[in-house]
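What follows is a single structure, written as C-alpha coordinates, with notes after it.
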Amino acid sequence: MEDDQHFMHCFDYIVQAILCSADDALENSVNILDAEGGEEDGINGMGQTHKCRNATMLYDYVLQSVQVPIKPASLGKYSVFL
(Lines of atoms letter the chains of each structure in order from A and count residues from 1; the text may use other names and numbers.)
(Lines give C-alpha, C1' and ligand atoms only; values in the text may rest on other atoms or scores of the structure.)
Protein backbone atom coordinates (compact mmCIF):
# COMPACT_ATOMS: atom_id res chain seq x y z
CA MET A 1 0.00 0.00 0.00
CA GLU A 2 2.76 2.44 0.91
CA ASP A 3 4.59 1.68 -2.35
CA ASP A 4 1.39 2.38 -4.32
CA GLN A 5 0.97 5.73 -2.57
CA HIS A 6 4.58 6.65 -3.26
CA PHE A 7 4.22 5.68 -6.92
CA MET A 8 1.04 7.77 -7.29
CA HIS A 9 2.73 10.73 -5.56
CA CYS A 10 5.67 10.56 -7.97
CA PHE A 11 3.46 10.05 -11.01
CA ASP A 12 1.24 12.99 -9.98
CA TYR A 13 4.36 15.15 -9.57
CA ILE A 14 5.49 14.31 -13.10
CA VAL A 15 2.04 15.03 -14.58
CA GLN A 16 1.85 18.40 -12.79
CA ALA A 17 5.37 19.32 -13.85
CA ILE A 18 4.64 18.57 -17.49
CA LEU A 19 1.22 20.19 -17.68
CA CYS A 20 1.83 23.22 -15.47
CA SER A 21 5.49 23.96 -16.02
CA ALA A 22 5.75 22.78 -19.62
CA ASP A 23 9.31 22.17 -18.56
CA ASP A 24 11.32 19.47 -20.34
CA ALA A 25 13.95 19.52 -17.57
CA LEU A 26 12.22 19.01 -14.24
CA GLU A 27 15.35 19.58 -12.20
CA ASN A 28 19.04 19.93 -12.88
CA SER A 29 20.99 16.71 -12.97
CA VAL A 30 23.98 16.56 -10.66
CA ASN A 31 26.74 13.99 -10.28
CA ILE A 32 26.44 12.02 -7.05
CA LEU A 33 28.28 9.06 -5.60
CA ASP A 34 26.54 5.72 -5.18
CA ALA A 35 27.05 3.42 -2.17
CA GLU A 36 30.22 1.96 -3.71
CA GLY A 37 31.71 5.39 -4.46
CA GLY A 38 30.94 5.27 -8.19
CA GLU A 39 29.62 8.30 -10.03
CA GLU A 40 26.01 8.44 -11.25
CA ASP A 41 23.47 11.03 -12.38
CA GLY A 42 21.22 12.27 -9.60
CA ILE A 43 18.59 14.88 -8.82
CA ASN A 44 18.08 16.44 -5.42
CA GLY A 45 15.44 19.02 -6.40
CA MET A 46 16.65 21.57 -3.89
CA GLY A 47 16.36 25.22 -4.89
CA GLN A 48 14.55 24.57 -8.16
CA THR A 49 11.97 27.18 -9.16
CA HIS A 50 9.30 26.44 -11.75
CA LYS A 51 6.94 28.86 -13.47
CA CYS A 52 3.78 27.81 -15.31
CA ARG A 53 4.10 28.33 -19.06
CA ASN A 54 2.20 27.69 -22.25
CA ALA A 55 2.69 23.98 -23.05
CA THR A 56 2.44 24.48 -26.84
CA MET A 57 6.21 24.73 -27.34
CA LEU A 58 6.80 21.55 -25.34
CA TYR A 59 4.09 19.73 -27.31
CA ASP A 60 5.68 20.86 -30.60
CA TYR A 61 9.11 19.77 -29.33
CA VAL A 62 7.77 16.29 -28.53
CA LEU A 63 6.26 16.02 -32.01
CA GLN A 64 9.57 17.13 -33.54
CA SER A 65 11.47 14.50 -31.53
CA VAL A 66 9.26 11.82 -33.08
CA GLN A 67 10.46 12.93 -36.53
CA VAL A 68 14.07 13.66 -35.48
CA PRO A 69 14.93 11.54 -32.40
CA ILE A 70 16.74 13.15 -29.48
CA LYS A 71 20.42 12.24 -29.32
CA PRO A 72 21.16 9.78 -26.49
CA ALA A 73 23.96 12.04 -25.19
CA SER A 74 21.38 14.66 -24.17
CA LEU A 75 19.67 12.17 -21.82
CA GLY A 76 22.60 11.84 -19.41
CA LYS A 77 25.26 9.21 -19.10
CA TYR A 78 23.20 6.95 -16.82
CA SER A 79 19.71 7.41 -18.30
CA VAL A 80 17.36 4.44 -18.01
CA PHE A 81 16.23 5.21 -21.57
CA LEU A 82 19.55 4.29 -23.20
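For the sequence shown, our numbering begins at -11 and goes up steadily by one.
Each residue gets a CB set at the ideal place from its N, CA and C atoms; glycine is no exception.
Roughly how many whole angstroms lie between the Cα atoms of L21 and D29?
Taking the sequence shown and counting its residues from 1, one reaches residue 21 at position 33. Taking the sequence shown and counting its residues from 1, one reaches residue 29 at position 41. If you take the alpha carbons of L21 and D29, they lie about 9 Å apart.
Pick from D0, D(-8) and Q4 that is closest to A43, judged by C-alpha positions
Walking along the sequence shown from the start, residue 43 turns up at place 55. Nearest C-alpha to A43: Q4.
Taking the beta strand (DSSP E) that E28 falls in, what are its first and last residues?
Here residue 28 refers to the residue found at position 40 when the sequence shown is read from its first residue. Run containing E28: E27 to G30, per the beta strand (DSSP E) assignment.
Could you check the C-alpha separation between N19 and S53 for me, to the nearest Å?
For the purposes of this step, residue 19 is taken as the residue at position 31 of the sequence shown. For the purposes of this step, residue 53 is taken as the residue at position 65 of the sequence shown. Looking at the two C-alpha atoms, the distance is approximately 26 Å.
Between the CA atoms of V50 and E24 - distance to the nearest angstrom
Here residue 24 is taken as the residue at index 36 of the sequence shown, counted from 1. Here residue 50 is taken as the residue at index 62 of the sequence shown, counted from 1. The straight-line gap from Cα to Cα measures roughly 36 Å.
Roughly how far, in whole angstroms, is the beta-carbon of S17 from the beta-carbon of I31, given that I think they are within contact range, below 8 Å?
Working through the sequence shown from its first residue, we reach residue 17 at position 29. Working through the sequence shown from its first residue, we reach residue 31 at position 43. That pair is a contact at about 6 Å.
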